[in-house]
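Student: Residues in the sequence shown are numbered from 1 upward in steps of one, following full-length UniProt numbering.
Glycine residues also receive a C-beta, built at the ideal position from the N, C-alpha and C atoms.
What follows is a structure written as structure tokens; I'll ask about it next.
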Amino acid sequence: MKKNIRVVVKLILIWMLCFSSSAILIKLTAYKKADNVYENIREMTKATTGTPPIEETEANEENKEVDQSIVDDKYDKLSSINSDYRFWLQVDNTNIDYPVVQSQDNQYYLKHDFNKNYLASGSIFMDYRNKFEEDHSIILYGHDMKNKSMFGEVANFKKEDFFNENNLIRVEYKGMTYIYEVFSAYVADFYHGDYLKIHFEDEKDKQAYLNYIKDRSLYQKQIELNANDQIMTLYTCSYEFENARTIVHSKLISKE
1 MKKNIRVVVK LILIWMLCFS SSAILIKLTA YKKADNVYEN IREMTKATTG
51 TPPIEETEAN EENKEVDQSI VDDKYDKLSS INSDYRFWLQ VDNTNIDYPV
101 VQSQDNQYYL KHDFNKNYLA SGSIFMDYRN KFEEDHSIIL YGHDMKNKSM
151 FGEVANFKKE DFFNENNLIR VEYKGMTYIY EVFSAYVADF YHGDYLKIHF
201 EDEKDKQAYL NYIKDRSLYQ KQIELNANDQ IMTLYTCSYE FENARTIVHS
251 KLISKE
């Protein structure tokens, strides 16, 4: 009897080991698939964007003009592949370096890649209500992947040293580079979304919102905010408690 029990226990342990190994393999395969998708897009844009000839560069410096056919190449190329493409996002000293898309809702790109194929890690996407050139509050969503891809490194801003030393977000849009400075980072509850706001009743309402999200930050930064500022928010999952979310707010400081 005892021998039979030992055999059963061994079989159960073997099954559990095989199941766990299979689950890990499936997850690693999914991570690799996502990495390949976005690395291919990065390589493609590098290959197609290119660098203008020296003569053109010198002429541009003299005339203070930029050949839009060159600088818009990346935007046009990606838009031709997916009309949902909006801009390219980079966060300094992280691996966040992705195309940003936008759908008619905030669900589709949770599980679809840039090519609109199913992908568990999804895409980085802008809130469906946003208009990048018009709105003063832009919201971007992405998964907090355990391999630190997508928005997995947004959580770095919850560390005081990183928050103080790494604060720039860059957006490439139609030949322009928009630079944002991070001023607030904190953990919030999914069901209390007063930290996410796109449209405002008036300047007083906007200023009250800015003061609120600045005060919520884990760490304070000396930065002035006014109702004319454009704000960009990064939004992803967090694990301090059930339905926790990591929120990072930044302010547009320049366009180049």
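Would you kindly work out how many angstroms separate the C-alpha atoms of valine 37 and glutamate 242, rounded to a whole number?
Tutor: One C-alpha to the other measures close to 31 Å.
Student: Considering only residues of the same chain and omitting the five flanking positions on each side of valine 91, which have a CB-CB separation below 6 Å?
Tutor: Result list for valine 91: Ile169, in chain order.
Student: Within 10 angstroms of the Cβ of glutamate 172, are there 16 or more other Cβ atoms? Answer buried if so, exposed if not.
Tutor: Looking at its Cβ environment, which holds 16 or more other Cβ atoms inside 10 Å, glutamate 172 is buried.
Student: On the criterion of 16 or more Cβ atoms from any shown chain inside 10 Å, does tyrosine 191 qualify as buried, or is it exposed?
Tutor: The residue is exposed, with fewer than 16 neighbouring Cβ atoms inside 10 Å.
Student: To the nearest angstrom, how far is it from the Cα of asparagine 130 to the Cα of lysine 174?
Tutor: Rounded to the nearest angstrom, the two C-alpha atoms are 17 Å apart.
Student: What's the call for leucine 218, buried or exposed, on a 16-neighbour Cβ count within 10 Å?
Tutor: It is exposed - the Cβ of leucine 218 has fewer than 16 other Cβ atoms within 10 Å.
Student: For aspartate 76, count neighbouring C-beta atoms within 10 Å of its own C-beta (all shown protein chains included) and say buried if the count is 16 or more, exposed if not.
Tutor: Counting Cβ neighbours within 10 Å, aspartate 76 comes out exposed, since fewer than 16 surround it.
Student: Is the segment 184-203 close to the segment 100-118, with three or more CB pairs under 8 Å?
Tutor: The segment 184-203, when compared against the segment 100-118, does not touch it at the 8 Å Cβ threshold.
Student: Please go through the same chain and pick out, in chain order, the residues whose beta-carbon is closer than 6 Å to the beta-carbon of methionine 145, but skip the five residues on each side of it.
Tutor: Correct list, in chain order: Ser121, Gly152.
Student: Quick one: residues in its chain with C-beta nearer than 6 Å to the C-beta of methionine 176, no 5 flanking neighbours on either side, listed in chain order?
Tutor: Hits under 6 Å: Lys255.
Student: Do isoleucine 138 and methionine 232 come within 8 Å of each other at the CB atom, strictly closer than that value?
Tutor: Their beta carbons are under 8 Å apart, which means methionine 232 touches isoleucine 138 by this criterion.
Student: According to DSSP, is aspartate 161 helix, strand or coil?
Tutor: Residue state, collapsed to three classes: helix.
Student: Starting from the N-terminal side, write out each stretch of the beta strand (DSSP E) that is 3 residues or longer and does not extend beyond the segment 81-151.
Tutor: For the segment 81-151, whole beta strand (DSSP E) runs of length 3 or above, ordered along the chain, are 85-91, 97-101, 124-126, 137-141.
Student: Does the contact criterion of 3 or more C-beta pairs under 8 Å hold for the segment 153-169 versus the segment 192-209?
Tutor: They do not touch, by the three-pair rule.
Student: If you drop the 5 nearest sequence neighbours on each side, which residues of the same chain put their C-beta closer than 8 Å to that of alanine 244?
Tutor: So the qualifying residues of the chain are Val187, Ala188, Asp189, Phe190, Cys237, Ser238.
Student: Using DSSP's beta-bridge definition, name the partner residues of histidine 249.
Tutor: Beta-bridge pairing links histidine 249 to Ser184, Thr233.
Student: Consult DSSP for alanine 244 and reduce its assignment to one of helix, strand or coil.
Tutor: Here alanine 244 sits in strand by DSSP.
Student: So, for valine 154: in the same chain, excluding its five sequence neighbours on each side, which residues have a beta-carbon less than 6 Å away from its beta-carbon?
Tutor: Here the set comprises Leu234, Thr236, Thr246, Val248.
Student: When the Cα atoms are used, what is the spatial distance from tyrosine 128 to leucine 140?
Tutor: C-alpha separation (whole angstroms): 10 Å.
Student: State the CB to CB distance for the pair serine 250 and glutamate 181, rounded to an integer number of angstroms; the pair is presumed to be in contact (CB under 8 Å).
Tutor: Yes, serine 250 and glutamate 181 are in contact; Cβ-Cβ is about 6 Å, under 8 Å.
Student: Quick one: residues in its chain with C-beta nearer than 7 Å to the C-beta of serine 22, no 5 flanking neighbours on either side, listed in chain order?
Tutor: Unreliable placement is indicated for serine 22, whose pLDDT of 44 sits below 50; the coordinate value is still reported in the next sentence. For serine 22, where only same-chain residues beyond five positions count, there are no Cβ hits under 7 Å.
Student: What would DSSP say about glutamate 172, mapped onto helix, strand or coil?
Tutor: Three-state DSSP puts glutamate 172 in a strand.
Student: Using alpha carbons as the reference points, say which of Arg42, Gln207, Lys221, Gln230 lies closest to phenylalanine 114.
Tutor: Nearest of Arg42, Gln207, Lys221, Gln230 to phenylalanine 114, Cα basis: Arg42.
Student: If you run the structure through DSSP and keep just helix, strand and coil, what is serine 238?
Tutor: Of the three classes helix, strand and coil, the one that applies to serine 238 here is coil, per DSSP.
Student: Is it the case that the Cβ atoms of phenylalanine 125 and valine 101 are separated by a distance below 8 Å?
Tutor: For phenylalanine 125 and valine 101, yes; Cβs fall inside 8 Å.
Student: Sorted by chain position, which residues of the same chain lie with C-beta nearer than 7 Å to phenylalanine 87's C-beta, five sequence neighbours on each side aside?
Tutor: For phenylalanine 87, where only same-chain residues beyond five positions count, the Cβ hits under 7 Å are Val100, Phe132, Val171, Glu172, Tyr173.
Student: Compute the Euclidean distance between the alpha carbons of leucine 110 and aspartate 84, then round it to the nearest angstrom.
Tutor: Rounded to whole angstroms, leucine 110 to aspartate 84 spans 14 Å at the Cα level.
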